[in-house]
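J.: In our numbering, each residue carries its 1-based index in the sequence shown increased by 21.
Cβ coordinates follow ideal geometry from the N, Cα and C atoms, glycine included.
All values derive from a computational prediction rather than experimental measurement.
Following this message is one structure expressed as structure tokens.
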Amino acid sequence: MNTGIFCRGVMLGAISEEKTYDGKARTNFSLGVQTTSRNEFGVEENKTHKYKIGSERNDAKTLNYFNSLKGKLVEVTFETRSGILENGNKWSGLYVTGAVEFKPEGKG
């Protein structure tokens, strides 16, 4: 049995964003997933979630795989990470470890 954190929703794809911090340019990669839930009034709402992809998973092959799942129902798995920056500030985050197409039982 697998344990951990996952998100089930429609894959929106992987994107890259250029960021500058302390004068150093870097590229951050993110994965988009759309989920649907009912609000307190019983109306279904779509929400877009953006999750960080760690540097060890931002190679072209993996990003192309994530983008090949665009529009499909997927399960995305995560790990939590934390650390301390050079200036002493603590950080923590949720990082994508993988994604697979989800096929409900009896539907494929």
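Given a threshold of 16 other Cβ atoms within 10 Å of its Cβ, counted over all protein chains shown, does Gly30 qualify as buried or as exposed?
T.: As a working mapping, residue 30 is identified with position 9 in the sequence shown. So Gly30 counts as buried.
J.: Which of the three DSSP states, helix, strand or coil, is assigned to Met22?
T.: Stepping through the sequence shown from its first residue, residue 22 is reached at position 1. Low local confidence applies: a pLDDT of 44 at Met22 is under 50, so the model's placement there is unreliable, with the coordinate-based value given in what follows. If DSSP states are grouped into helix, strand and coil, Met22 belongs with coil.
J.: Report the option in Leu94, Thr98, Thr48 and Leu115 whose CA atom is closest to the CA atom of Gly104.
T.: Reading the sequence shown from its first residue, position 83 is the one you call residue 104. The shortest C-alpha separation from Gly104 is found at Leu115.
J.: Report, in whole angstroms, the separation of the C-beta atoms of Glu65 and Thr56, which I expect to be a contact under 8 Å.
T.: As a first step, residue 65 must be located in the sequence shown, where it is residue number 44. As a first step, residue 56 must be located in the sequence shown, where it is residue number 35. That pair is no contact at about 11 Å.
J.: Let's test the definition: count the other Cβ atoms within 10 Å of the Cβ of Phe50 and tell me whether it reaches 16, buried, or not, exposed.
T.: Here residue 50 refers to the residue found at position 29 when the sequence shown is read from its first residue. Buried is the call here.
J.: What is the residue span of the alpha helix (DSSP H) that Phe62 lies within?
T.: In the sequence shown, counting from the first residue as 1, residue 62 sits at position 41. No alpha helix (DSSP H) contains Phe62, which DSSP labels as neither H nor E.
J.: Would you kindly work out how many angstroms separate the C-alpha atoms of Lys111 and Thr69, rounded to a whole number?
T.: As a working mapping, residue 111 is identified with position 90 in the sequence shown. As a working mapping, residue 69 is identified with position 48 in the sequence shown. One C-alpha to the other measures close to 27 Å.
J.: Taking DSSP as the reference, what is the three-state secondary structure of Leu84?
T.: Residue mapping note: residue 84 aligns to position 63 of the sequence shown, counting from 1. Helix at Leu84.
J.: For Ala46, count the other beta carbons within 10 Å of its own beta carbon; 16 or more makes it buried, fewer makes it exposed. Which is it?
T.: Here residue 46 refers to the residue found at position 25 when the sequence shown is read from its first residue. That one is exposed.
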